[in-house]
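Q:
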Amino acid sequence: MKILVVGSGAREHAIAWKLARERDVSEVLCAPGNPGIAACARCVPANVGPPEEVLAVAQREAVDLTVVGPELPLSLGIVDLFLSRGLAIAGPTRAAASLESSKAFAKELMARHRVPTARFRVCESVGAACAAIASGEFAFPVVVKADGLAAGKGVVIADGRAAAEAAVRAAMVEGRFGASGERIVLEEFLVGHEASYFVLADGTAFATLSSAQDHKRIFDDDRGANTGGMGAFAPSPLMTPETERQVIDRIVRPVLQGMEQEGRPFRGFLYVGLMLTAEGPKVVEFNVRFGDPEAQVILPMLDEDLSWLLGAAATGALPSRPARFREEPHVGVVLASAGYPEVTETGKVITGIDEAAGVPGALVFHAGTARRDGHLVTAGGRVLTIVGRGPTYRDAIDVAYRAASHVRFEGMQYRRDIGRKALAT
Ligand code: AMP
Ligand code: GLY
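Sequential numbering of the sequence shown, starting at 11, is according to this note's numbering.
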């Protein structure tokens, strides 16, 4: 099987790395990929925004299956385009990708199918939003969310009325998130621990993957700005068998059935962002793709062929069962450029990668890296994910940080507390 991976981050590196080790995979291509991915896949230049460019690559290279990493091409309809040309692709159609690309759609779908989530109100105008804030319908803090994709920056937790109204104006008047902020969702603030859960669906059936916990804030102890994720570990010790059963029965199954009933069957990776509350697990958000950095800690645990699972998801042949996993904790630490998550400095020479990868139990996945004049240099905010595994979370943390200690580039920043939550659980 010849497989094309779409994207260029550490998540796509983990996907390509896993596929490249499988017997039924003859070749892995990646569009556009990065220098790390080039070690396990043939990278093909392509702009992953417009789906037509990736389609041209898939057709020219006669690939058997395509798998999409990031949400943008999914929300632009890459799956619809491939299907219309008879090409196999593992991912949701544009209509199914609404679960991530419209928070209003996701909330209303959950309401229709009685899936536990924060109480909410969708607002189409500044007046309606400010009236709802003033009415006392939601206690403070209240959560203000831009409806559309906003690269993880569209959520404000507002302590009081003034902050909530400012968040509404930023989205709806100042246009901070462009068209994504023309509608907003007000939400009740949920109290609990956050965890995520992943499944791979084929429209009807689904294979459960693993739970994980991300570290979204830039600084230790969950302080500072929200980022795409500064590190993750898997599985989550909070995901007890009882909680997992609730997530599957109350959330995953009704959402997938609801999507199918409403004519938007969901195929591909479903990322369920959860708040584990005193009343049980509730949905914070859905993503219609694998997580980054969650994929980097989950895929190395997968003890069966990803190529087979993806092929079955693309063709509607997936058996409903848990995928096979080695239950060995994995911890991933993101090494980021100075300035991330705002404007980042790039072009800094990176050293020590081979030494890091040489630490027993460690893996190095590339994100924002590039080759320039024979050197590996930084080329983005999140530069590398260093993953460690071990018999315990403590061991996995130690391996990840020992490996990370070999890597150097000017301005490198990373959290020192990734995985600590797992020790306290
Ligand atoms: P989202 O982009 O919807 O995942 O939101 C980003 C982050 O905001 C989440 O990871 C949570 O930490 C927080 N958040 C979002 N919605 C809520 C909520 N209803 N209650 C508490 N925290 C929330
Ligand atoms: N790690 C968060 C995400 O992939 O959206």
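Each residue gets a CB set at the ideal place from its N, CA and C atoms; glycine is no exception.
All values derive from a computational prediction rather than experimental measurement.
Taking the alpha carbon of H416 as the reference point, which residue from I407, D408, K431, D364 has its own alpha carbon closest?
A: The residue you call residue 416 lines up with position 406 of the sequence shown. It is D364.
Q: Are the Cβ atoms of A9 and A367 separated by less than 8 Å?
A: Residue 9 lies beyond the residue range present for the chain, which begins at 11 and ends at 435; the question has no answer from this structure.
Q: Going along the chain, which residues put their C-beta within less than 7 Å of some heavy atom in the ligand GLY?
A: For the ligand GLY, the selected residues are G162, D224, K226, G238, G239, A242, Y281, N297, G301, D302, P303, E304.
Q: Quick check: the region 376-391 against the region 17-26, are at least 3 beta-carbon pairs closer than 8 Å?
A: These segments touch.
Q: Sorry if obvious, but does the Cβ on V294 come closer than 7 Å to a heavy atom of the ligand AMP?
A: Looking up residue 294 in the sequence shown gives position 284. Flag set: Cβ of V294 near the ligand AMP.
Q: Check the C-beta distance from T438 over to L200 and give it rounded, since I have them as a contact under 8 Å.
A: The structure shown does not extend to residue 438, since the chain spans only 11 to 435, so no value can be given for it.
Q: Pull up the DSSP beta-bridge partners for M285, would you.
A: Reading the sequence shown from its first residue, position 275 is the one you call residue 285. M285 is bridged to E204, K292.
Q: Less than 8 Å between C-beta atoms, sequence neighbours within five positions excluded: which residues of the same chain meet that for D232?
A: Residue 232 sits at position 222 when you count from the first residue of the sequence shown. So the list reads H225, K226, once near-sequence residues are dropped.
Q: Using the C-alpha atoms, what's the distance from F279 back to R104?
A: Residue numbering aside, residue 104 sits at position 94 when the sequence shown is read from its first letter. Residue numbering aside, residue 279 sits at position 269 when the sequence shown is read from its first letter. Cα to Cα, R104 sits roughly 14 Å from F279.
Q: Could you check which residue in M182, G290, R277 has the C-alpha nearest to that of T250?
A: Taking the sequence shown and counting its residues from 1, one reaches residue 250 at position 240. Closest option to T250, Cα to Cα, is G290.
Q: Measure the C-alpha to C-alpha separation of N44 and A380 and round it to an integer number of angstroms.
A: Translated into positions along the sequence shown, residue 44 becomes position 34. Translated into positions along the sequence shown, residue 380 becomes position 370. N44 and A380: Cα-Cα distance of roughly 7 Å.
Q: Using only the heavy atoms of the ligand AMP, determine whether one of them is closer than 7 Å to the beta carbon of L200.
A: Translated into positions along the sequence shown, residue 200 becomes position 190. Answer for L200: yes, Cβ within range of the ligand AMP.
Q: For F148, which residues of its own chain have a beta-carbon under 7 Å away from its beta-carbon, when the five flanking residues on both sides are left out?
A: The count along the sequence shown starts at 1 and reaches residue 148 at position 138. Here the set comprises L196, E198.
Q: Shortest alpha-carbon distance to A128 belongs to which of A141, P151, V136, S111?
A: Reading the sequence shown from its first residue, position 118 is the one you call residue 128. Out of A141, P151, V136, S111, P151 has the C-alpha closest to the C-alpha of A128.
Q: Helix, strand or coil for L248, going by three-state DSSP, please let me know.
A: To locate residue 248, count along the sequence shown from 1; it is residue 238. It is coil, neither helix nor strand.
Q: With a 10 Å radius around its C-beta and 16 neighbouring C-beta atoms as the bar for buried, classify G384 as buried or exposed.
A: Against the sequence shown, residue 384 aligns to sequence position 374. With fewer than 16 other Cβ atoms within 10 Å, it is exposed.
Q: From the DSSP output, read off the bridge partner residues of A346.
A: Taking the first residue of the sequence shown as position 1, residue 346 is located at position 336. R392, Q423, per the DSSP bridge assignment.
Q: How many angstroms separate the CA atom of E118 from the CA atom of A168?
A: In the sequence shown, the residue the question calls residue 118 occupies position 108. In the sequence shown, the residue the question calls residue 168 occupies position 158. So the two alpha carbons sit approximately 22 Å from each other.
Q: Is the region 210-217 in contact with the region 169-187, if contact means three or more CB pairs nearer than 8 Å?
A: With a cut-off of 8 Å, the region 169-187 and the region 210-217 do not count as touching, because too few Cβ pairs lie within range.
Q: Measure from the alpha carbon of A56 to the alpha carbon of each residue in A49, A68, C50, G46, then state which is nearest.
A: On the sequence shown, residue 56 is found 46 positions in, with the first residue counted as 1. For A56, the nearest C-alpha among the options comes from A68.
Q: Considering only C-alpha positions, which residue in the set A346, A432, G429 is nearest to R418?
A: Residue mapping note: residue 418 aligns to position 408 of the sequence shown, counting from 1. Taking only the C-alpha atoms, the option nearest R418 is A346.
Q: Please report the distance separating the alpha-carbon of E32 from that of I396.
A: In the sequence shown, counting from the first residue as 1, residue 32 sits at position 22. In the sequence shown, counting from the first residue as 1, residue 396 sits at position 386. Each residue's Cα considered, the two are about 22 Å apart.
Q: With hydrogens ignored, establish whether the beta-carbon of M11 is closer than 7 Å to any heavy atom of the ligand AMP.
A: Here residue 11 refers to the residue found at position 1 of the sequence shown. Answer for M11: no, Cβ out of range of the ligand AMP.
Q: Please report how far the alpha carbon of D34 lies from the alpha carbon of E355, in whole angstroms.
A: To locate residue 34, count along the sequence shown from 1; it is residue 24. To locate residue 355, count along the sequence shown from 1; it is residue 345. Roughly 41 Å between the two C-alpha positions.
Q: Is the Cβ-Cβ distance between A49 and L39 less than 8 Å?
A: The count along the sequence shown starts at 1 and reaches residue 49 at position 39. The count along the sequence shown starts at 1 and reaches residue 39 at position 29. Contact flag unset, no.
Q: According to the neighbour-count rule (16 or more other Cβ atoms, all chains shown, within 10 Å of its Cβ), is L433 buried or exposed?
A: Your numbering for residue 433 matches position 423 in the sequence shown. Answer is exposed; the Cβ neighbour count stays below 16.
Q: Give me the residue from P332, H203, A324 with the minimum Cα distance to L93.
A: As a working note, residue 93 is residue 83 in the sequence shown. Nearest C-alpha to L93: A324.
Q: Mind checking whether P60 and G87 have CB atoms under 8 Å apart?
A: As a first step, residue 60 must be located in the sequence shown, where it is residue number 50. As a first step, residue 87 must be located in the sequence shown, where it is residue number 77. Cβ distance not < 8 Å, so P60 and G87 don't count as in contact.
Q: Can you find a heavy atom of the ligand AMP that lies under 7 Å from the Cβ of G191?
A: Taking the first residue of the sequence shown as 1, we reach residue 191 at position 181. Checking every heavy atom of the ligand AMP against the Cβ of G191, none is found closer than 7 Å.
Q: Strictly by DSSP, which residues pair up with D212?
A: Position 202 of the sequence shown, counted from the first residue, corresponds to residue 212. According to DSSP, D212 bridges with R277.
Q: Between the Cα of P339 and the Cα atoms of A106, Q267, E295, S221, which residue gives the shortest distance?
A: Along the sequence shown, read from residue 1 onward, the residue named residue 339 stands at position 329. Ranking the options by Cα distance to P339, first place goes to S221.
Q: Compare the beta carbon distance of E272 and T214 with 8 Å and say whether it is the shorter of the two.
A: Translated into positions along the sequence shown, residue 272 becomes position 262. Translated into positions along the sequence shown, residue 214 becomes position 204. Not closer than 8 Å, so no.
Q: Please classify T388 as buried or exposed, where buried requires at least 16 neighbouring CB atoms within 10 angstroms.
A: On the sequence shown, position 378 is the one that residue 388 refers to. Counting Cβ neighbours within 10 Å, T388 comes out buried, since at least 16 surround it.
Q: Reducing DSSP to helix, strand and coil, say where S220 ends up.
A: Against the sequence shown, residue 220 aligns to sequence position 210. Strand at S220.
Q: From this set, G362, G321, K431, which residue's C-alpha is nearest F216's C-alpha?
A: Taking the sequence shown and counting its residues from 1, the one referred to as residue 216 is at position 206. Nearest option by C-alpha distance: G321.
Q: What is the rounded straight-line gap between the Cα of V125 and the Cα of R193?
A: Locating residue 125 in the sequence shown gives position 115, where the first residue counts as 1. Locating residue 193 in the sequence shown gives position 183, where the first residue counts as 1. Each residue's alpha carbon lies about 22 Å from the other.
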